[in-house]
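Heads up: take any position in the sequence shown, counting from 1, add 130, and you land on the numbering used here.
Just so it is clear, CB atoms sit at the ideal spot from N, CA and C, and this is done for glycine as well.
What follows is one structure encoded as structure tokens, with my remarks underneath.
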Amino acid sequence: MRLGKLIVFTGPSGVGKGTLLRSLLRRHPELYFSISVTTRAPRPGEVDGKHYYFVTRPQFEQMVATGELLEWAEFAGNYYGTPRRPVEQQIQQGCWVVLEIEIEGARQIRQTFPDALRIFILPPSLQELENRLRDRATDSEQAILRRLKRAEAELEAADEFDFQVVNDNLEKALARLEAALFSPAAI
131 MRLGKLIVFT GPSGVGKGTL LRSLLRRHPE LYFSISVTTR APRPGEVDGK
181 HYYFVTRPQF EQMVATGELL EWAEFAGNYY GTPRRPVEQQ IQQGCWVVLE
231 IEIEGARQIR QTFPDALRIF ILPPSLQELE NRLRDRATDS EQAILRRLKR
281 AEAELEAADE FDFQVVNDNL EKALARLEAA LFSPAAI
């Protein structure tokens, strides 16, 4: 059996990573989506074990200390990380595992999984990114401003990734993602 593949998606908060990934996973159910663990509170409609594993800060810090996370980062005052065991098991079984993670975590993955395919999702513009964050209506004004400031710095890192996909139109962005993943050159 051949080993699976690790695929990393990152990009600024509000760029539409989640929307793109949900569409990609509907079209390609053979992909395994890794559920992250976080210390942030669930947003309305989010379910523990489906959208994230929601844990306390002490629980998360224990996971870091015992090496249970493949990568982790602090973002907007909360911790996020990828549980190691399920990812490694799926790759050993030949599955393609998809991570949706912050840029710090993506940089950690470059060190631990140098063969991972790393994809950066870009907004059409900073103004559009701001509009999306505001339309989401889940963050305070202070949090939106913090996310926008961080986005500016993150956008400078796009060239560190194997592929960059501008999320200007869902169908077009999805087609570009599929080309990056499934074209003969990518496989």
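Would you call the CB atoms of L252 and V167 closer than 8 Å? no
Can you tell me where the beta strand (DSSP E) with T268 in it begins and where it stops? Segment: none, T268 is in no beta strand (DSSP E) and carries neither H nor E.
So I249 packs on I137, CB below 8 Å; how close in whole Å? 7 Å
Contacts around N299, its chain only, beta-carbon distance under 8 Å, and the 5 residues preceding and following it disregarded: none
8 Å Cβ cutoff met for L259 and A288: no
Is it true that the stretch 262-269 meets the stretch 192-205, where meeting means three or more beta-carbon pairs spaced less than 8 Å apart? no
Checking the sheet assignment: what are the DSSP bridge partners for A203? Y210
Using the three-state DSSP reduction, which class does I233 fall into: helix, strand or coil? helix
Since V295 contacts A303 with CB under 8 Å, what's their CB separation in whole angstroms? 6 Å
Taking all protein chains shown into account, decide if Q255 is buried (16 or more other Cβ within 10 angstroms of its Cβ) or exposed. According to the sequence as given, residue 255 is Ser; it is not Gln. The residue is exposed, with fewer than 16 neighbouring Cβ atoms inside 10 Å.
Among F243, P188, G134 and W202, the one whose alpha carbon lies nearest that of I165: W202
Status (buried if at least 16 other CB within 10 Å, exposed otherwise) for A267: exposed
Excluding the 5 residues flanking T149 on each side, which residues of the same chain have their C-beta closer than 6 Å to its C-beta? none
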